[in-house]
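Student:
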Amino acid sequence: MSSSAIPALRRALLYVPASSPRMLAKSLTLTADNVTYDLEDSVTASMKDAARAALQAHLAALADNKKKQENRPASIGEIAVRINGASTRHAEADIRAVAALASVDALVVPKVNSPADLAFVEDAVASAGPRTRPLKLLALVESARAVMDLRDICGASSRRGGGAGGGGGGLAGLIFAAEDFALDLSLRRTPGLAEFLYARSAVVTAARAFGLESAIDLSSVSDCSLDHVSDDEPSFWGKASYFA
């Protein structure tokens, strides 16, 4: 396993629903820079507890050989878990279940609207148990408020010891959630995606300014092709999509 001091390469981030035993098993055959097991959007409220328990067992099995992760596929560069939002009753339980597991490299944190949301997660991770290396955080930017507060969100994590200067822990990247952002602003979608230009530029700029490892663009679920992408769009460093 690579040292946490080495920046992770995240050209592709694939979401896998934790509520599907078939998908959990199939995920081990993937070749990807990042596989993110999802406890949030793809898991219904009635399945949250069962999905969390199933994912905990799945991830524990990847790190049960003297914690050297020999059972982890070499084709997967990084394993992450998308927890539920900090304001939900599921967030702390999600963190307790996976944060101390050696097979987990990062947490994807949804609905990060303020520095307090990341602070909650960082504190919960610290309370979850000892780790052999820091746990990285990837923040989902899903709202107008988040875009306007990117400087405070990135800066606060850096001051708390996260970010690129914090030994590999804390905030390591930003993910722009196009569908949720459009819903928050009641945006009318267009083929050229001009309605997202300001927000996407802000995400890329903040990630670069604060020395984060990644700025990831979430592929639209309504149009995952790249035919409409123009050469003058913001230069994200990776794409996120859903594994099916």
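Quick note on the UniProt record's numbering: the sequence shown kicks off at 1 and runs consecutively.
From the three backbone atoms N, C-alpha and C, an ideal C-beta is built for every residue, glycine too.
#1: Taking Cβ positions, are residue 39 and residue 57 nearer each other than 9 Å?
#2: Give me, in chain order, the residues of the same chain whose beta-carbon lies closer than 7 Å to that of residue 60; leave out the 5 immediate sequence neighbours on both sides.
#3: Under 9 Å between the Cβ atoms of residue 76 and residue 35?
#4: To test your reading of the DSSP string, which unbroken beta strand (DSSP E) runs of 3 or more residues are found completely within the stretch 167-207?
#5: Would you mind sorting residue 198 into buried or exposed? The rule is 16 or more other CB atoms within 10 Å of its CB.
#6: Looking at the structure shown, is residue 147 part of a helix, part of a strand, or coil, going by DSSP?
#7: Helix, strand or coil for residue 14, going by three-state DSSP, please let me know.
#8: Rounded to whole angstroms, what's the CA-CA distance from residue 45 to residue 7? Just pull it up for me.
#9: Report buried or exposed for residue 223, applying the criterion of at least 16 other Cβ atoms within 10 angstroms of its Cβ.
#10: Answer with buried or exposed for residue 27, where buried requires no fewer than 16 other C-beta atoms within 10 angstroms of its C-beta.
#11: How about residue 171 and residue 118: are their beta carbons less than 9 Å apart?
#12: With respect to the beta strand (DSSP E) encompassing residue 216, which residues constitute its N-terminal and C-terminal limits?
#13: Do you know how far the Cα of residue 79 is from the Cα of residue 153?
#14: Which stretch, first to last residue, makes up the alpha helix (DSSP H) that contains residue 95?
#15: Which of helix, strand or coil does DSSP assign to residue 38?
Tutor: So, from the data block:
#1: no
#2: Answer for residue 60: 101, listed in chain order.
#3: Cβ distance < 9 Å, so residue 76 and residue 35 count as in contact.
#4: 170-176
#5: exposed
#6: helix
#7: strand
#8: 34 Å
#9: Confidence at residue 223 is low in this model, with a pLDDT of 43, below 50, so its placement is unreliable and the value that follows should be read with caution. The residue is exposed, with fewer than 16 neighbouring Cβ atoms inside 10 Å.
#10: Burial call: buried.
#11: yes
#12: 214-218
#13: Between residue 153 and residue 79, the C-alpha separation is close to 23 Å.
#14: DSSP places residue 95 inside the alpha helix (DSSP H), whose first and last residues are 91-98.
#15: strand
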